[in-house]
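Residue numbers (my numbering): 280 to 613.
Below you'll find the structure, written out as structure tokens, and then a few comments.
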Amino acid sequence: MKSLRKQLFFSSLLLIITFLLALSAGRIVLPLHTVLQFLGHLLHLSAAPSALATNVLFNLRLPRIIAAMLIGAGLAISGTAFQALFHNPLVSPDLLGVSNGAAVGAAGAILLGATSLKIQGFALLGGLLAVLGAVLIQRLLHTKANLTLVLAGIIMSGFMQAVLGLFKYMADPDEQLPTITYWQLGSLEKVTWDSLIPVLPALIISGALLIAFRWRLNVLLLDDTEIRTLGSHYQLDRALVILLATILTACSVCLSGTIGWIGLVIPHAARLLIGQNEAKVLPLAAVLGAIFLLLIDTLARSLSTGEIPLSILTGFIGTPLFVWLIFKKRVNIT
């Protein structure tokens with residue numbers, strides 16, 4: 280088992296290589312020296328490449344590459360945090376209904392004929408309201424148990440799915456319905472600097488705070504009796520993790536639409552590499568999540584003339600990867 284520092288070094292090196300590959304690949308393939316010249320120009324170290332290459336790299340590829348890395352890292356961080364908080368390795372970031380809530384918000388905005396930026400805002404609001412609804416249901420039941428919050432999340436997810444079904448029924452089948460369906464499948468095709476910059480602070484701050492808070496995740500894995508013995512402020516820690524992970528997930532989903540498997544699979548991959556210490560798992564999962572989604576997005580825009588929805592690729596790749604991870608863990612245990 281390698282140390283966290285070594286794992287982060289090699290995974291960060293792989294992320295840099297993937298970043299350069301993503302800048303180079305696409306419908307217009309740019310040579311590596313052009314990519315390096317462009318990066319040098321951004322750092323005021325060299326002249327700019329051609330106008331076409333600069334436009335493709337700066338306005339089309341760079342914002343979606345940054346979004347892919349942040350969203351991949353964000354979903355992996357949220358998945359790790361939720362799995363630790365709820366003591367369940369099968370938990371994903373949309374446990375409390377944030378993804379379905381965001382889908383309802385986006386669908387409602389599409390029905391109203393909103394612009395892409397407003398659709399993004401409605402999706403963010405819908406995701407946050409869904410989680411707020413789950414928390415309120417738990418409060419109405421007068422219990423603070425994790426299981427009750429999980430059940431409340433299932434209730435909100437079911438309700439949001441029903442609302443989403445109603446919106447699809449109401450949608451224009453020629454224009455609005457395909458847009459809603461495509462949004463649900465996930466894509467970074469419409470990410471621009473204008474859509475990325477408004478949510479960039481929330482993505483970075485919530486992710487950084489969760490990473491800084493990672494040492495408390497091991498405490499949250501203990502049972503209530505042990506936590507009280509240690510004198511930990513369990514409810515405050517729990518609320519903070521839920522709040523930060525929800526903001527991180529909602530900001531990610533509002534940019535990309537629904538993307539499956541990352542928040543479920545990547546934490547397990549990190550644990551396989553570094554062990555069960557959540558304080559070490561979380562930062563490694565962030566880097567692995569960034570690599571994974573960046574590779575997926577590069578494939579999505581390179582394999583065909585049209586954009587392949589991200590959830591299709593994450594499903595095809597994530598499913599066998601998850602099976603392999605389970606097999607590896609079983610082999611290691613036995």
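Here a beta-carbon is modelled for each residue, glycine too, at the ideal position from N, C-alpha and C.
Nothing here was measured: the structure is a model prediction, and the numbers come from that model.
When you compare the CB positions of P588 and G465, do they come within less than 8 Å of one another, or not? Cβ atoms of P588 and G465: closer than 8 Å.
Using beta-carbon positions only, say whether A529 and L403 come within less than 8 Å of one another. If you check the CB distance, A529 and L403 come in under 8 Å.
Leaving out five residues on either side along the sequence, give the residues of the same chain with a beta carbon under 8 Å from the beta carbon of K607. Contacts found: L551.
Assuming N367 and A409 make a contact with CB atoms under 8 Å, what is their CB distance in whole Å? Going by Cβ atoms, the distance from N367 to A409 rounds to 19 Å, so no, they are not a contact pair.
Within 10 Å of its beta-carbon, does E454 have 16 or more other beta-carbons around it, so buried, or fewer, so exposed? Within 10 angstroms of the beta-carbon of E454 lie fewer than 16 other beta-carbons, which makes it exposed.
Quick one: any contact between the region 541-557 and the region 354-361, if contact means 3 or more CB pairs under 8 Å? Contact between the region 541-557 and the region 354-361 is present, with at least three C-beta pairs closer than 8 Å.
Determine, using beta carbons only, whether A381 and L572 come nearer to each other than 8 Å. The answer is no: Cβ separation not under 8 Å.
Whole-angstrom distance between A431 and I425, CA atom to CA atom: It is Asn, not Ile, that sits at residue 425 in the sequence shown. Distance between the alpha carbons of N425 and A431: 10 Å.
Collapsed DSSP secondary structure at S581 in the structure displayed: For S581, the secondary structure class from DSSP, reduced to helix, strand or coil, is coil.
Looking only at its own chain, which residues have a Cβ that is under 7 Å from the Cβ of I545, when we skip the five neighbours before and after it? So the list reads A355, G358, A564, L567, G568 and F571, once near-sequence residues are dropped.
Distance between beta carbons of F401 and A413, contact taken as under 8 Å: Taking 8 Å as the upper bound for CB-CB distance, A413 and F401 are not in contact here, some 19 Å apart.
For F601, collect the residues of the same chain with a Cβ closer than 8 Å to its Cβ; drop the 5 residues on either side in sequence, then sort them by chain order. Counting only Cβ-Cβ distances below 8 Å, and skipping sequence neighbours, we find W540, L543, V544 and H547.
Is the separation between the beta-carbon of T297 and that of F317 shorter than 8 Å? Going by C-beta atoms, T297 is not nearer than 8 Å to F317.
Mapping DSSP to helix, strand and coil, what is T394? In the structure shown, T394 sits in coil (DSSP, three-state: anything other than H, G, I, E or B).
Could you name each continuous beta strand (DSSP E) segment of 3 residues or more that falls completely within the region 376-443, going from the start of the chain to the end? Runs of the beta strand (DSSP E) inside the region 376-443: none found.
Option in G444, P342 and V377 with minimal Cα separation from G387: When each option's Cα is compared against that of G387, the closest is G444.
Pull up the CB-CB distance for L390 and F446, whole angstroms please, since I reckon it's below 8 Å. Indeed they touch by this definition, with Cβ atoms about 6 Å apart.
Please tell me whether L482 and L527 are closer than 8 Å, where the distance is taken between their beta carbons. Going by C-beta atoms, L482 is nearer than 8 Å to L527.
As assigned by DSSP and simplified to three states, the class of P328: Taken through DSSP and simplified to helix, strand or coil, P328 comes out as coil.
Which ranges does the alpha helix (DSSP H) cover as unbroken runs of at least 4 residues, wholly within the region 516-588, from first to last along the chain? Here the runs fully enclosed are 541-553 and 557-579.
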